[in-house]
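K.L.:
Below are the structure tokens for one structure; questions will follow.
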Amino acid sequence: MNAVQTPLKSRPAPAFYIERLRADFPILKLEVNGKPLVYLDNAASSQMPQPVIDRLVRYQTTQHSNIHRALHYLSEVATLEFEEARRKLQRFINAREEREVIFTSGTTDAINLVMHGYGRKFIGAGDEIILTTLEHHANIVPWQMLAEEKGAKIRVVPINDAGELLIDEYEKLFNERTKFVGVMHVSNALGTINPVKQMIAFAHARGVPVLVDGAQAVPHMKIDVQDLDCDFYAFSGHKMCGPTGIGVLYGKAAQLENMQPFKGGGDMIATVTFEKTTYNTIPNKFEAGTPPIAAAIGLGAAADYLSAIGMDNIAAQELALLDYATEQINSLPGVRIIGTARHKAAVLSFVIDGVHPHDIGSLLSQEGIAVRTGHHCAQPLMRRFKVSATSRASFAFYNTMAEVDALIAGIRNVQKVFA
Amino acid sequence: MADYKSLYQEVILDHNKKPRNYGTIAHASHHADGENPLCGDHISVTLKLDGENIAAIAFEGESCAICKASASMMTAAVKGKTCADAEMLIREFRDMVTGKLEPAASDHIGRLAVFAGVRDLPSRVKCAILPWHTLHAAFSSVASASTEAEDDPMRTLIGSA
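Read top to bottom, the protein sequences are chains A and B.
Just add 3 to the spot in the first sequence (first one is 1) and you have the working numbering.
Just add 1118 to the spot in the second sequence (first one is 1) and you have the working numbering.
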């Protein structure tokens, strides 16, 4: 296997530069419980910078109408801006063609689209779908529904104690019945960066297509879908400084063209009679009904915003935060990090001896610190680590080392309260 | 605004650390398991009825401090009471943590008023209420309670994860 994974490099940005970026995010000026907001729940949803907010306002105040329909001025403007947003996303992930970018409501919707459009057409009784222990419920449940409907089987790639996929075991799962692979690029619960390029190459050598759940990767590192050679890549807008209710399914044109539509309705048709309907071409075939136009245009602005900072700079700053936070948490007695993969994005899951994660989350919130607590929609993974839940701090480029210090002080306070 | 400091009072921390009536009752007449699928917390309640009276009650399980303290104080509050009194307390506790009842307006809530603070913390209401749902289920001989049950009054208040 020659597709070796390049580790991300830690390189903290100068503090003044981070302060300038933070000024773009009005919400970061909030106080919570009389304390400055320390927002460390970016893996759940990131915050929105002023240029994206402004773009939404400009669309809504001067450009809004329905798209792909009427011939009047506003409809033309809205259609042009919507399709321009598609091109921005195409460039952002380096898709070959803009029609390979399907707007969905988010990652979950994108995966469900592939399950219905590809899975229900090409996966049958006795066929096998490979998933991994790390998967988010969004990349488990749709495939279980399909397996139940078709009599197909789910095979699961195991992990080691660090939270890394066992690639040898992955390769052993393949057989002549293997029809599909679904794998997350970056684990939302542990931060593990999976060697998806290598996994895709292995699957393709056996004629098996691969869907990558990129919800946690796209906001934090440069994604090149042509370089990965994935068949499908799904991600959400609201985790990359964009609005909620919008996301993207990238699919290779040849795959998308062979798929059946997922939702029926307006915009996805060529002609309709009560006897027969012919479908529109991609991407419209998969975009039934009026899409969230403003959200798509806002997502385009978010892609521009991140690109202007530079995804490599973002990755370097976040890794510097992760390295510092990891070192600090490791120095605290009674606190254990769950997920210690060699290649990690800026997600830090931890447990405190004798304190339930919900109590940790509530007490940290008292200090203005936002972390996620719970099973992170990854119950099989939690069971693998024999915990019911963890607390998770997840960083974005706009977080600071001082915020890591606030988290550490917050954890010490939790330990004091429960001493 | 949410104030967790008022929630994590000494009495709650104490019951979390040293829960009363922790364990199971041998030869229990009633039993139920309660689960909050949103967080995986689960507790079981066993009790022994002597006629209409709760002669013995115990709980065990894995949960956050709010849930454990709530369970501990619940068992202390209903032990020796009649089922009818306990059911009334279940109703009043539920009304209090969902903001429908001021603790001062009740003659029965007493020390349980320390949980009134969760009314402003929708994500924690379920933690406080789970033991009470479970006790109710035990009386009704329902095998298990869930914070996601269809008749859960919190169901409309709290979205799922």
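Yeah, the Cβ is synthetic: ideal placement off N, Cα and C, and Gly gets one too.
1. Let me know if A:Ile355 comes out buried or exposed under the rule of 16 or more other beta-carbons within 10 Å of its beta-carbon.
2. Any idea which residues DSSP pairs A:Ile355 with across the strands?
3. Can you tell me the Cβ-Cβ gap for A:Lys200 and A:Pro222, rounded? I've got them flagged as a contact below 8 Å.
4. Taking the DSSP output, what are the residues bridged to B:Asn1171?
5. Give me the Cα-Cα distance between A:Ile126 and A:Val189, rounded to the nearest whole angstrom.
6. Does the Cβ of A:Val30 have 16 or more other Cβ atoms within 10 Å, making it buried, or fewer, making it exposed?
7. For a test of the three-state rule: what should DSSP assign to B:Phe1211, helix, strand or coil?
8. Compare the beta carbon distance of A:Phe28 and A:Pro52 with 7 Å and say whether it is the shorter of the two.
9. Any idea what DSSP makes of A:Tyr42, helix, strand or coil?
10. Kindly provide the ranges of any beta strand (DSSP E) runs that are 3 or more residues long and lie completely inside the segment 235-315 of chain A, ordered along the chain.
11. A:Val60: buried (16+ other C-beta within 10 angstroms of its C-beta) or exposed?
12. By a C-beta neighbour count over all protein chains shown, 10 Å radius and 16 as the cutoff for buried, is A:Arg23 buried or exposed?
13. Quick one: what's got a C-beta closer than 7 Å to A:Gly337's C-beta in the same chain, skipping five residues either side?
14. List the residues of chain A whose Cβ lies closer than 8 Å to the Cβ of B:Leu1075, in chain order.
15. What is the rounded straight-line gap between the Cα of B:Ser1124 and the Cα of A:Ile196?
16. With 7 Å as the threshold, decide whether the Cβ of A:His139 is near any Cβ in chain B.
17. Strictly under 7 Å for the Cβ-Cβ distance: is A:Ala396 near chain B by that measure?
18. Between which residues of its own chain and A:Thr107 is the CB-CB distance below 7 Å, once the five residues before and five after are set aside?
19. Mind listing the chain B neighbours of A:Gly1? Cutoff is C-beta to C-beta under 9 Å, in chain order.
20. Quick one, are the C-beta atoms of B:Ser1091 and B:Asp1159 less than 7 Å apart?
21. Any chance you could list the alpha helix (DSSP H) runs of at least 4 consecutive residues sitting entirely within the segment 109-194 of chain A, in chain order?
22. Listing by chain order, which chain A residues have their CB less than 9 Å from the CB of B:Ser1181?
23. For B:Pro1271, does the three-state DSSP call read helix, strand or coil?
24. By Cβ distance, which residues of its chain are closer than 6 Å to A:Asp130, with the 5 residues on each side in sequence left out?
25. Mapping DSSP to helix, strand and coil, what is B:Ser1258?
26. Assuming A:Thr82 is part of the alpha helix (DSSP H), what are its boundary residues?
27. If we count Cβ pairs, one from each stretch, closer than 8 Å, do we get three or more for the segment 301-318 of chain A versus the segment 30-47 of chain A?
28. Taking a contact to mean a Cβ-Cβ separation below 7 Å, would you say A:Gln66 touches A:Ala81 in this structure?
29. Note down, in chain order, each residue of its chain lying with its Cβ closer than 8 Å to the Cβ of B:Ala1261, except the 5 sequence neighbours on either side.
30. Identify whether B:Gly1277 lies in helix, strand or coil by the three-state DSSP scheme.
31. Would you verify that the beta carbon of A:Val392 is, or is not, closer than 7 Å to some beta carbon of chain B?
32. For B:Phe1177, which residues does DSSP report across the bridge?
33. Once the 5 residues before and after A:Leu384 are set aside, which same chain residues still bring their CB inside 7 Å of it?
34. Using DSSP bridges, identify the partner residues of B:Ala1150.
35. If I follow the unbroken alpha helix (DSSP H) through A:Phe19, where does it start and stop?
36. Measuring straight from C-alpha to C-alpha, what distance separates B:Lys1244 and A:Arg90?
P.N.:
So, from the data block:
1. Here residue 355 of chain A refers to the residue found at position 352 of the first sequence. Counting Cβ neighbours within 10 Å, A:Ile355 comes out buried, since at least 16 surround it.
2. The count along the first sequence starts at 1 and reaches residue 355 of chain A at position 352. According to DSSP, which records beta bridges pairwise, A:Ile355 is partnered with A:Val338 and A:Val358.
3. Within the first sequence, the letter at position 197 stands for residue 200 of chain A. Within the first sequence, the letter at position 219 stands for residue 222 of chain A. About 19 Å; that fails the 8 Å criterion.
4. Here residue 1171 of chain B is taken as the residue at index 53 of the second sequence, counted from 1. Partner(s): B:Asp1168 and B:Thr1200.
5. Taking the first residue of the first sequence as 1, we reach residue 126 of chain A at position 123. Taking the first residue of the first sequence as 1, we reach residue 189 of chain A at position 186. Distance between the alpha carbons of A:Ile126 and A:Val189: 26 Å.
6. The sequence position of residue 30 of chain A within the first sequence is 27, counting from 1. Checking the displayed sequence, the identity of residue 30 of chain A turns out to be Ile instead of Val. Classification of A:Ile30: exposed, given that the 10 Å Cβ count is below 16.
7. Position 93 of the second sequence holds residue 1211 of chain B. Here B:Phe1211 sits in helix by DSSP.
8. Sequence index remark: in the first sequence, residue 28 of chain A carries index 25 (1-based). Sequence index remark: in the first sequence, residue 52 of chain A carries index 49 (1-based). Contact: yes.
9. On the first sequence, position 39 is the one that residue 42 of chain A refers to. DSSP places A:Tyr42 in strand when its eight states are reduced to three.
10. 235-239, 250-254, 272-275 and 280-282
11. Locating residue 60 of chain A in the first sequence gives position 57, counting from the first residue. Exposed: under 16 other Cβ atoms inside 10 Å.
12. Taking the first sequence and counting its residues from 1, the one referred to as residue 23 of chain A is at position 20. By the 10 Å Cβ count, A:Arg23 comes out exposed.
13. Taking the first residue of the first sequence as position 1, residue 337 of chain A is located at position 334. Once the five neighbours on either side are set aside, the close Cβ partners of A:Gly337 are Ile355, Asp356 and Gln418.
14. In the structure as shown, chain B starts at 1119 and stops at 1279, and residue 1075 of chain B therefore has no counterpart that could be examined.
15. One-based indexing of the second sequence puts residue 1124 of chain B at position 6. One-based indexing of the first sequence puts residue 196 of chain A at position 193. Distance between the alpha carbons of B:Ser1124 and A:Ile196: 40 Å.
16. Within the first sequence, numbered from 1, the residue matching residue 139 of chain A stands at position 136. Taking Cβ atoms only, chain B never reaches closer than 7 Å to A:His139, which makes this a no.
17. Position 393 of the first sequence, counted from the first residue, corresponds to residue 396 of chain A. No, because no Cβ of chain B sits closer than 7 Å to the Cβ of A:Ala396.
18. Walking along the first sequence from the start, residue 107 of chain A turns up at place 104. The residues are Ala113, Leu116, Gly250, Val251 and Leu252.
19. Outside the shown range of chain A (4 to 422) lies residue 1 of chain A, about which nothing can therefore be said.
20. The structure shown does not extend to residue 1091 of chain B, since chain B is modelled only from 1119 to 1279, so the question has no answer here.
21. 110-117, 144-153 and 170-175
22. Here residue 1181 of chain B corresponds to residue number 63 of the second sequence, with the count starting at 1. Near B:Ser1181 (Cβ distances below 9 Å), the residues of chain A are His359 and His361.
23. Counted from its first residue, the second sequence places residue 1271 of chain B at position 153. Low local confidence applies: a pLDDT of 41 at B:Pro1271 is under 50, so the model's placement there is unreliable, with the coordinate-based value given in what follows. DSSP places B:Pro1271 in coil when its eight states are reduced to three.
24. By 1-based counting over the first sequence, the position of residue 130 of chain A is 127. Result list for A:Asp130: Ala155, Arg180 and Lys182, in chain order.
25. Residue numbering aside, residue 1258 of chain B sits at position 140 when the second sequence is read from its first letter. Reduced to three states, the DSSP call for B:Ser1258 is coil.
26. If you number the first sequence from 1, residue 82 of chain A lands on position 79. Tyr76 to Ile96 is the extent of the alpha helix (DSSP H) around A:Thr82.
27. no
28. Taking the first sequence and counting its residues from 1, the one referred to as residue 66 of chain A is at position 63. Taking the first sequence and counting its residues from 1, the one referred to as residue 81 of chain A is at position 78. Contact flag set, yes.
29. Here residue 1261 of chain B corresponds to residue number 143 of the second sequence, with the count starting at 1. Summary for B:Ala1261: the model assigns pLDDT 49, below 50, so the residue's position carries little reliability; its value from the coordinates is reported in the next sentence. Excluding positions up to five away in sequence, the list reads Ala1150, Asp1151 and Ala1255.
30. Numbered from 1 along the second sequence, position 159 holds the residue referred to as residue 1277 of chain B. Its pLDDT being 30, under 50, B:Gly1277 is placed unreliably by the model, and the measurement read from it follows with that caveat. If DSSP states are grouped into helix, strand and coil, B:Gly1277 belongs with coil.
31. As a first step, residue 392 of chain A is located in the first sequence; it is residue number 389 there, counting from the start. Rather than Val, the amino acid found at residue 392 of chain A in this sequence is Ala. Chain B, which has a Cβ nearer than 7 Å to the Cβ of A:Ala392, makes this yes.
32. On the second sequence, position 59 is the one that residue 1177 of chain B refers to. DSSP output for B:Phe1177 lists B:Tyr1140 and B:Val1163 as bridge partner(s).
33. Translated into positions along the first sequence, residue 384 of chain A becomes position 381. Excluding residues within five positions, the ones whose Cβ falls inside 7 Å are Thr136, Leu137 and Ala192.
34. In the second sequence, residue 1150 of chain B corresponds to position 32, counting from 1. B:Ala1150 is bridged to B:Val1163.
35. As a working mapping, residue 19 of chain A is identified with position 16 in the first sequence. A:Phe19 -> alpha helix (DSSP H) spans Ala18 to Arg25.
36. Along the second sequence, one-based indexing puts residue 1244 of chain B at 126. Along the first sequence, one-based indexing puts residue 90 of chain A at 87. The alpha-carbon atoms of B:Lys1244 and A:Arg90 are separated by roughly 45 Å.
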